[in-house]
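**Q** Everything in the sequence shown is counted per numbering that gives the first Met the number 0, starting at 0 for the first residue and increasing by one.
For each residue, glycine too, the CB sits at the ideal point set by N, CA and C.
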Amino acid sequence: MEEWELDFLFLKVRHYIKDKLGVKELPDMRSILFLIGVQELGTGPKEFSKEEKQDLMHIAACRLLEDDGYYEFKGRDADGWPHWNVGIPFKTKGVKEQETLLKEKMIKYFRTNNPEFE
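Here you go:
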């Protein structure tokens with residue numbers, strides 16, 4: 000995917016979330032990871048501790064990278080939190096490359112899980 004196309008589609012994701020949540024500002028990547036984590040946890044919105052927020056972003060990253068084999072879903076613990084095992088080694092190096100990969104995966108996630116997106 001060309002860089003301009005990636006930026007355009009990621010901006011569409013940001014606007015989709017902004018409109019869906021009725022907030023004033025476009026969400027950044029960390030906010031989107033948090034929201035995906037909440038969706039994957041499945042408990043709905045509630046108050047989360049700082050540590051839980053970090054865990055939710057990790058859940059999102061694992062879920063987004065699962066399709067490529069970087070993580071393998073292990074199951075849920077007694078509290079319903081999902082867990083993954085590390086799969087293949089993560090070969091993407093550098094912040095820019097990792098950010099690009101996550102943007103691509105977020106676009107795919109919203110296309111797959113939100114039929115009204117696009």
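Using the C-alpha atoms, what's the distance from P114 back to V37?
**A** Approximately 19 Å, taken between the alpha carbons.
**Q** Could you compute how far the alpha carbon of E46 sits from the alpha carbon of S30?
**A** Approximately 15 Å, taken between the alpha carbons.
**Q** Note down, in chain order, each residue of its chain lying with its Cβ closer than 7 Å to the Cβ of K102, except the 5 sequence neighbours on either side.
**A** Closer than 7 Å at Cβ, skipping near neighbours: L5, F9.
**Q** Quick check on DSSP: helix, strand or coil for E39?
**A** Residue state, collapsed to three classes: helix.
**Q** Please name the residue, chosen from P81, K73, E50, S48, that lies closest to I58 on a Cα-to-Cα basis.
**A** Of the candidates P81, K73, E50, S48, the one whose C-alpha sits nearest the C-alpha of I58 is P81.
**Q** Around the C-beta of K92, are 16 or more other C-beta atoms found within 10 angstroms, so that it is buried, or is it exposed?
**A** K92 should be labelled exposed.
**Q** The alpha helix (DSSP H) spanning V12 covers which residue range?
**A** Here the alpha helix (DSSP H) through V12 covers 2-20.
**Q** With E71 as the anchor, note down where its beta strand (DSSP E) starts and where it stops.
**A** Unbroken beta strand (DSSP E) run through E71: 70-75.
**Q** On the DSSP letters alone, give me the boundaries of the alpha helix (DSSP H) that N84 sits inside.
**A** Note, N84: premise wrong, no alpha helix (DSSP H); beta strand (DSSP E) at 81-85.
**Q** Please report the distance separating the alpha-carbon of R75 from that of G41.
**A** If you take the alpha carbons of R75 and G41, they lie about 11 Å apart.
**Q** Under 8 Å between the Cβ atoms of F33 and K52?
**A** The answer is yes: Cβ separation under 8 Å.
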